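What follows is a set of notes on a single structure, which appears directly below.
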Amino acid sequence: MNARVSSHSPTDNATGPRGANAGVRAEDLTIHFATKAGTVKAVDGVSFEIEPGETFGIIGESGSGKTTLGRALAGLLKASGGDIHYGEHTLGKLPRAERQRLRRDYQIIFQDPHAALNPRMTILQSVMEPLEILKEGDKSSRQRAAREALERVGLAPEIGRRYPHELSGGQKQRVNIARTLTVRPKFIVCDEVVAALDVSIRGAVLNLFAELQEEFGITYAFITHDISVVSHVSDRIGVLYLGRLMEMGPTGAVTDAPLHPYTQALLSAEPLPLPGDQRDQRRRIRLEGEIPSPLAPPSGCRCRTRCPAAQTRCAEQIPEWREARPGHWVACHFADADGPPGPVR
Amino acid sequence: MSSETLSPSRASGTPDADQWHEPALPMRFLLWLKRDPRASISLLVLVLILGAALLSPWLAPHSPSEQNLDLILAPPDAAHLLGTDDLGRDVFSRLMYGGANSLYAALLAVIVALVIGMPLGLIAGFAGGWVDQVISRVIDTFLSFPAIILAVAVTGAMGIGLTNAMFSVGLVFAPQIARLIRARTLVVRQELYVDAARCFGASKARLLIRHVLPNAIQPVIVQSTLLLAVALLAEASLSFLGLGVQPPDVSWGSMIARGYLYMSIVPEQMYAPGLIIMVTAVAFNALGESLRSALDPTMKGHG
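Residue numbers (this note's numbering), protein chains in the order written: chain P, 1 to 345; chain Z, 1001 to 1303.
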């Protein structure tokens, strides 16, 4: 954040887009899709800032708009409203060529490691491709870079001769990581990167992400539905529900003392490795029903249809996005610094 | 976590850089033929037919237009291996000479169809929106005509002759190709690897050529070999109608057309050209099928 304050005009930045701070800021970001049934408000007014070098966890159920948000952060989707800022640059206002140059710094790794690799290209061809696109170096230097990247993610470079279908899921995800590493990105959106992997190799892949962050100072947006994953890797967490942030704050604060009833319910849905009679039964809050359709989100607070603490005000008024504790934001009428409202009954 | 646990496979060491290259193309081609007997047999058949057609001026026992009116519609004998036709011409020699025209005609039609159909289908499928609408409606319009009527009309407009006739057959085939590749493109353009390449800043041309085309072309390869067979028959139809090869030139189709006139007396007049068309068509199809599996890395070893 400090770096951004120091230079407001892009022209101050002698190094051009590269070398600028890699912080990412979403400002009232809205992404709507027009469908036959109406407008899907996948992301509906989300603001947050990811500071350089940090890991920002975005957690949400399926249908919360987290994947849409991730694709927008990586520049794959256009914002319908609001904007995304890469350091000093506003994505929507950049001329095409400039955006193309910035793009390499802002990457995404997808949930499905297999689908992200062209089945007709060898692993080496796939890993070399980004450098080919950027016209960096010649063929042999690209091959060298690709092999180094494969080694860096813990794969034998011989694997480059194979095709994606000959690799395991974990290997393929490492290949995707290696491919992204070749362009030395500053920011990577990790969209459910371990969800498709066996539990046994998740830890290793998550550790790889952590190592790479330490080594290259990469900033992450870590998108997941899995609280244990997100609390393990993130510095801060944002909780997304129906395209809006419900709560955002430091990981410890959000997981230990959540402010929003929805976060509380999410946390209590996490299975505990304890026999039933030893679990804290009072913490158990069940979320009733399914996430409502983003075609017609509930009025007022979107959470109210499933919230145990909902009152009439929740249907009438959209809760304000406010800082209930220092650095800990919440969108709930009744939450205060002491915690979320209790159930109404 | 220490890096050892991350890299169980790292112990295998760095390979020699030169071993990275796949074998050269001719070598891979030979390996393919060795592995896939269907491919080698069909290719052998096609090479034999093509060789006989191209070398017919030197190999054929008779001239294709040399008439022997004392010996018409004769059964096979030592001088005329496949007998003679209604003007006493040697059927075997005409078959060899006709092959060149027939193969040229079939290839021309399919190449025209590919050159017109593939870019149209790719662009329609990839661009979507009004571009797709316009191209698709034009395709639908062409597909709504009976194929042979359309070919006859186009040939009539362009002028009679084998090249014009087959060009119009190619035009008639083009919408089929366009539709096929459009449908595949619609699927492939949604694939995650296309998004991944886009995220690295790949241009539209690159996305199309490196990612969409190789993954969308498979059914087109098979369809092309089927169309080669259909084109052989279309050539026969158009020549039969008098729009294709003009006498004294000869093609397999025109031989069938001529034999057809005497079907009730000597049906065997149609056997030789009919059989050679069938063999060629089957060989094209088999080759296409083998080619398809050879080009698909996920099918290697299942061949």
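We put the CB at the ideal spot given by N, CA and C, even for glycine.
Nothing here was measured: the structure is a model prediction, and the numbers come from that model.
Item: Locate the alpha helix (DSSP H) running through Pro297 (chain P), then write down its first and last residues.; Value: Taken as a continuous stretch (DSSP letters only), Pro297 (chain P) belongs to no alpha helix (DSSP H), as it is neither H nor E.
Item: Quick one: what's got a C-beta closer than 6 Å to Glu316 (chain P)'s C-beta in the same chain, skipping five residues either side?; Value: Gly300
Item: Closer than 7 Å by C-beta to Gly217 (chain P): which residues in its own chain qualify, once you throw out the five before and the five after it? Chain order, please.; Value: Gly53
Item: Of all the CB atoms in chain Z, is at least one closer than 8 Å to the CB of Ala74 (chain P)?; Value: yes
Item: Leaving out the 5 sequence neighbours to the left and right, which residues in its chain are closer than 7 Å to Ser1239 (chain Z) when beta-carbon positions are compared?; Value: Val1245, Ser1251, Gly1253, Ser1254, Ala1257
Item: What are the boundary residues of the alpha helix (DSSP H) that includes Tyr1193 (chain Z)?; Value: 1192 to 1199
Item: Shorter than 8 Å from the beta carbon of Ala1100 (chain Z) to some beta carbon of chain P?; Value: no
Item: Can you tell me whether Ala1216 (chain Z) is buried or exposed? The criterion is at least 16 other CB atoms within 10 Å of its CB, across all chains shown.; Value: buried
Item: In whole angstroms, what separates the C-alpha of Asn2 (chain P) from that of Arg236 (chain P)?; Value: The pLDDT assigned to Asn2 (chain P) is 39, lower than 50, so where the model puts this residue is not dependable, and the model offers no usable value.
Item: Beta-carbon within less than 7 Å of Glu323 (chain P)'s beta-carbon, same chain only, minus the 5 sequence neighbours each way: which residues are those?; Value: Trp329
Item: Of all Cβ atoms in chain Z, is any one closer than 8 Å to the Cβ of Arg104 (chain P)?; Value: yes
Item: Determine which residues of the region 1170 to 1204 of chain Z have a Cβ less than 9 Å from any Cβ of chain P, and write them out in chain order.; Value: Glu1191, Leu1192, Tyr1193, Val1194, Asp1195, Ala1196, Ala1197, Arg1198, Cys1199, Phe1200, Gly1201, Ala1202, Ser1203
Item: For Gly57 (chain P), write down the residues that DSSP places opposite it in a beta bridge.; Value: P:Phe222, P:Ile237
Item: Who are the neighbours of Arg1206 (chain Z) on chain P, taking C-beta pairs under 8 Å?; Value: Ile133
Item: Compare the C-alpha of Gly249 (chain P) against each of P:Arg313, P:Arg25, P:Leu102, P:Arg325 and name the closest.; Value: P:Arg325
Item: Of all Cβ atoms in chain P, is any one closer than 8 Å to the Cβ of Pro1297 (chain Z)?; Value: yes
Item: Taking only three categories from DSSP, how would you classify Ile108 (chain P)?; Value: strand
Item: From Val1188 (chain Z) to Arg1206 (chain Z), what does the alpha carbon distance come to, in whole angstroms?; Value: 14 Å
Item: Against chain Z, does Gln213 (chain P) count as a neighbour if the rule is that its beta carbon must be under 8 Å from one of theirs?; Value: no
Item: Please state the DSSP three-state secondary structure of Glu192 (chain P).; Value: coil
Item: Answer with buried or exposed for Gly92 (chain P), where buried requires no fewer than 16 other C-beta atoms within 10 angstroms of its C-beta.; Value: exposed
Item: Measure the alpha-carbon distance for Ala1106 (chain Z) versus Thr1141 (chain Z) and round it to whole angstroms.; Value: 24 Å
Item: Mapping DSSP to helix, strand and coil, what is Leu1081 (chain Z)?; Value: coil
Item: Quick one: which chain P residues come within Cβ less than 7 Å of Pro1219 (chain Z)?; Value: Correct list: empty, because the minimum Cβ distance to chain P is about 14 Å.
Item: Asn1285 (chain Z) CB to nearest chain P CB: under 8 Å?; Value: no
Item: Counting only C-beta atoms, is Arg18 (chain P) closer than 8 Å to chain Z at any point?; Value: Confidence in Arg18 (chain P) is poor, its pLDDT being 44 and thus under 50, which makes the residue's placement unreliable; the coordinate value appears in the next sentence. So, not an interface residue.
Item: Expressed to the nearest angstrom, what Euclidean distance is found between the alpha-carbon atoms of Tyr220 (chain P) and Gly1117 (chain Z)?; Value: 44 Å
Item: In this structure, what does DSSP give as the bridge partners for Asp1090 (chain Z)?; Value: Z:Thr1084
Item: DSSP state of Met121 (chain P), grouped into three classes?; Value: coil
Item: Output yes if chain P places a C-beta closer than 8 Å to the C-beta of Pro1273 (chain Z); else output no.; Value: no
Item: Identify the residues that DSSP records as bridge partners of Gly81 (chain P): which are they?; Value: P:Thr30
Item: Report the start-end ranges of each beta strand (DSSP E) in the region 1033 to 1083 of chain Z that is 3 residues or longer and not cut off at the edges.; Value: none
Item: Might you give, ordered along the chain, the residues of its own chain that have their beta carbon closer than 7 Å to the beta carbon of Leu1103 (chain Z), omitting 5 neighbours on each side?; Value: Leu1050, Ala1053
Item: Output yes if chain Z places a C-beta closer than 8 Å to the C-beta of Asp108 (chain P); else output no.; Value: Sequence inspection shows Ile at residue 108 (chain P); the Asp mentioned does not correspond to that position. It does; some Cβ of chain Z falls within 8 Å.
Item: For the region 62 to 74 of chain P and the region 139 to 148 of chain P, state whether three or more C-beta atom pairs, one from each stretch, are separated by less than 8 Å.; Value: no
Item: Compare the C-alpha of Cys303 (chain P) against each of P:Val194, P:Ser200, P:Glu148, P:Gln264 and name the closest.; Value: P:Gln264
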